[in-house]
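Below: the structure, in structure tokens.
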Amino acid sequence: MNLPMPVAVGIWVVIGVALLVLVLTGRRRIAARTGHLVPRPPGVPAAEDALGAVRLGPVEATYVSSTLAGDWLARVGAYGLGDRSAAEVTVLDGGIVVDRDGSPPLLVPARALHGVGTAPGMAGKYVGGSGLVVLTWSVPSDGETDATLLDTGLRPRYTADRARLVEAAGSLITPSTPSTKDTK
Numbered sequence: 001m002n003l004p005m006p007v008a009v010g011i012w013v014v015i016g017v018a019l020l021v022l023v024l025t026g027r028r029r030i031a032a033r034t035g036h037l038v039p040r041p042p043g044v045p046a047a048e049d050a051l052g053a054v055r056l057g058p059v060e061a062t063y064v065s066s067t068l069a070g071d072w073l074a075r076v077g078a079y080g081l082g083d084r085s086a087a088e089v090t091v092l093d094g095g096i097v098v099d100r101d102g103s104p105p106l107l108v109p110a111r112a113l114h115g116v117g118t119a120p121g122m123a124g125k126y127v128g129g130s131g132l133v134v135l136t137w138s139v140p141s142d143g144e145t146d147a148t149l150l151d152t153g154l155r156p157r158y159t160a161d162r163a164r165l166v167e168a169a170g171s172l173i174t175p176s177t178p179s180t181k182d183t184k
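All residue numbers for the sequence shown refer to UniProt numbering, where the first residue is 1 and numbers rise by one.
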């Protein structure tokens, strides 16, 4: 069937707009579904030394996403936690700061960190082997929503940084033995 060029272009534009609307609607639904389950993550303090000395970093990485702990397909869309982005990860005495491009920095307080390990993938990224560093942590209650346990996936840009990040982040857990679990 031969359609005139303006009609064909119009059809493709309508299809493109419809797909864009579907994607945006899906993102809003994910954010709404998880917004009442997950409290707002704590902000990074303005004072540079508020979190103590730097243990590692910054390390170049990709912030993959955060999911409900144990369910690596249940992406958390609220507060930009499900948005994949380039990031720099810094491990400090007081916690881990994930400085994400296009989103506010994410603070994982040391006292909220429950485990550090590696995994082959999670919602939004599968790399095989043990390519992702996974931080299991509890988002503290904000008064309206109870504390929630999350898994946050990071893919260090350089392979050598993976072990260094696991070790440094694991050293924040009391006792200082990291809970390093390989889930393949």
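Built from N, CA and C at the ideal position, the CB exists for glycine as well.
| Asked | Found |
| --- | --- |
| Rounded separation between Thr173 and Gly129 - CA only | What sits at residue 173 in the sequence shown is Ile, not Thr. Roughly 24 Å between the two C-alpha positions. |
| With 16 other Cβ atoms within 10 Å as the buried cut-off, status of Val134 | buried |
| Residue of Thr62, Pro41, Leu68 and Tyr79 minimising C-alpha distance to Ala86 | Thr62 |
| Residues bridged to Thr25 (per DSSP) | Answer by DSSP bridge pairing: none, since Thr25 is not bridged. |
| Delimiting residues of the alpha helix (DSSP H) encompassing Glu167 | Thr159 to Gly170 |
| Cβ separation of Ala69 and Leu19, assumed to be a contact under 8 Å, to the nearest whole Å | No, Ala69 and Leu19 are not in contact; Cβ-Cβ is about 32 Å, not under 8 Å. |
| Cβ separation of Leu107 and Val38, assumed to be a contact under 8 Å, to the nearest whole Å | That pair is no contact at about 15 Å. |
| 7 Å Cβ cutoff met for Val59 and Leu165 | yes |
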